[in-house]
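One structure is given below, encoded as structure tokens.
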Amino acid sequence: MALTANYITEADAEKGKGVPSSSYGSKNKGIVCGDRLCSEIPGGKDAIKDEKPTAPTVPAKPSMTPPKSEKMEDKSMSSMQDNSDLGSVLKLSRANVPATIPLHHGFYNGGDVFYIITDASEQKHADLITEQQKWKVELAPLLANAPKEALSTTYFFTNGVKGDGIHGFQGQVFTSTPAQTDTYSALTSHVHVTWNQGVTPTVLKFEQEIMDAEKSGNVTLSPLSVVVNMPQIIWPEGQMMVKDDKTLSDDTPYGGGQITEINKEKMTVTFVAHRGWGPDGKSIYYIVTDATPSGPADMMGVTSTPTSAKLIANSAAVDLFQFTNGIKGSGPMGFQPGIAAGAPGDANYSPMWRISVIDWKDPTNAALLQTTDDINFYTSEGKINVNLARPMDSDHIVNCPFIDPFQ
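Everything in the sequence shown is counted per the working numbering, starting at 79 for the first residue and increasing by one.
Structure follows, in structure tokens:
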């Protein structure tokens with residue numbers, strides 16, 4: 079999800095060393111001689127048969143189970159093991175799982191747009207869209223603080239021609255797509271289009287048609303203060319990348335796309351949901367839809383959205399911490415999973431994340447961090463550095479809606 083200027087791929091991660099081949103294929107195979115395999119001792123078992131046996135030394139192997147969320151308490155398990163070759167390794171179960179999300183249909187300049195809705199800044203619309211699509215839209219009040227230059231505009235029809243739009247009428251009309259790099263944003267300001275009494279409604283597929291209809295007195299436009307997160311999946315000029323390898327595992331890398339399937343017949347899209355922690359250590363899952371700058375966006379296979387950089391100093395973006403060293407694990411840079419400063423249900427939740435990176439000053443003494451309090455403590459102890467990520471020497475914002483993939 080988040081990358082520094084030095085991208086770390088799965089291939090860069092160190093691989094563990096197995097038991098030497100000389101330990102196998104002999105009469106001493108698997109036999110314990112004191113605190114070692116007999117095959118590791120010159121002469122094997124016969125060389126020490128007259129020695130006084132000693133108690134074996136068993137190194138401690140710490141294990142940890144993270145705090146469990148209410149919905150996923152039966153689905154979440156993790157363990158950590160210490161290995162002299164690898165260092166500490168966090169094996170997080172179900173680190174990557176499929177999340178199937180409803181698709182919606184709309185228009186841009188007469189062409190078809192397919193998109194998802196994950197968050198809304200106002201409870202009424204979050205509830206309305208949740209009911210309409212039968213999939214939960216998270217309340218993200220902070221999105222209302224996003225500056226105008228970080229938003230695109232979407233027109234929602236409140237009457238007129240019946241259809242599959244949010245309000246039961248024709249599909250929404252967008253003012254840009256990811257092909258319009260300088261203006262596209264998944265965060266959309268909300269304008270209601272209402273056909274006036276006595277006018278025969280038609281389907282409008284262009285923003286200019288809407289403007290002309292208003293000028294002619296056929297429709298009334300009502301801007302709302304609500305902001306909705308509506309990442310586009312397919313647009314007239316293209317679509318988001320679909321992963322070649324659709325098999326998900328705990329070791330699935332972040333690169334190569336975030337989508338495993340787009341199904342226009344069923345009107346669904348399946349994302350990879352990545353597991354991490356909220357501010358209090360509870361398990362969360364998130365998807366990745368778009369990012370800025372282009373380097374991390376291209377690596378992850380998501381839409382590049384330069385307009386998101388306008389959020390770097392804005393309260394609509396919340397801090398998300400990722401690790402560049404320490405305990406190896408399923409995080410985006412090959413180390414432990416990240417920690418978010420907000421989670422769904424929190425007053426400071428937002429799907430827009432301002433990425434910071436954490437590095438241990440002495441990685442050999444790294445501990446597992448699970449909460450923002452952990453981060454604050456180890457910062458005060460002088461054991462970790464926390465810095466704003468600046469890949470490509472640019473502001474780094476990622477659209478990572480937190481979701482429940484098991485709903």
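Even for Gly, the Cβ is constructed at its ideal location relative to N, Cα and C.
*With distances taken between CB atoms, is the gap from Trp431 to Val476 smaller than 8 Å?*
yes
*In terms of DSSP beta bridges, what is Asn463 paired with?*
Asp437
*Under 6 Å Cβ to Cβ from Ser386, same chain only, skipping five residues before and after it: list those, please.*
Thr370 and Ile475
*Which residue or residues does DSSP assign as beta-bridge partners of Phe284?*
None, per the DSSP bridge assignment.
*Are Ser408 and Asp328 touching if we call contact CB-CB under 8 Å?*
yes
*asked:* Would you say the beta carbon of Gln211 is closer than 7 Å to some non-hydrogen atom of the ligand SAM?
replied: This structure simply doesn't include the ligand SAM, nor any ligand for that matter.
*As assigned by DSSP and simplified to three states, the class of His352*: strand
*Touching or not, the segment 394-411 and the segment 440-452, by the rule of three or more beta carbon pairs under 8 Å?*
yes
*CB-CB under 6 Å to Thr236, same chain, minus the five flanking residues each way: which ones, in chain order?*
His245, His270 and Thr272
_As assigned by DSSP and simplified to three states, the class of Asn187_ = coil
_Can you look up Ala387 in the DSSP assignment and give me helix, strand or coil?_
helix
*Output yes or no for whether 8 Å exceeds the beta carbon distance between Asn307 and Pro479.*
yes
_C-alpha distance - Glu459 paired with Ile453, whole-angstrom precision_ = 10 Å
*Counting only the same chain and skipping the five closest in sequence on each side, list residues whose C-beta sits under 8 Å from that of Ala351.*
Asn174, Val175, Pro176, Ala177, Tyr363, Tyr364, Ile365, Ile481 and Pro483
*Tell whether a beta-carbon distance below 8 Å holds between Thr298 and Lys321.*
no
_Quick check: the segment 228-242 against the segment 252-260, are at least 3 beta-carbon pairs closer than 8 Å?_
yes
*asked:* By the three-class DSSP mapping on this structure, what secondary structure does Ile417 have?
replied: strand
*In the structure shown, what three-state DSSP assignment does Ile453 receive?*
helix
*Own chain, CB closer than 6 Å to Glu292, minus 5 neighbours either side, in chain order*: Leu299
*Roughly how many whole angstroms lie between the Cα atoms of Asn187 and Glu285?*
7 Å
*Given a cut-off of 8 Å, decide if Leu398 and Ala375 are closer than it, judged by their beta-carbon atoms.*
no
*Are the Cβ atoms of Pro256 and Gly316 separated by less than 8 Å?*
yes
*Given a cut-off of 8 Å, decide if Ile179 and Phe349 are closer than it, judged by their beta-carbon atoms.*
yes
*Under 8 Å between the Cβ atoms of Thr259 and Ser382?*
yes
_Residue of Gly276, Ala445, Thr346 and Asp437 minimising C-alpha distance to Ile462_ = Asp437
_My output table needs one value for Pro483: the three-state DSSP class, helix, strand or coil._
coil
*Rounded to whole angstroms, how far is the Cβ of Val304 from the Cβ of Ala198, which I believe are closer than 8 Å?*
6 Å
*How about Lys342 and Phe185: do their beta carbons lie closer than 8 Å?*
no
_Secondary structure, beta strand (DSSP E): runs of 3+ residues fully inside the segment 246-291_ = 250-252 and 265-273
*Just grab the DSSP bridge partners of Arg432 for me.*
Asp397 and Ile475
*Going along the chain, which residues of its own chain have a beta-carbon closer than 6 Å to the beta-carbon of Glu216, five neighbours each way excluded?*
Asp197 and Pro422
_Beta-bridge pairing of His182 - partner residues as DSSP gives them_ = Tyr193
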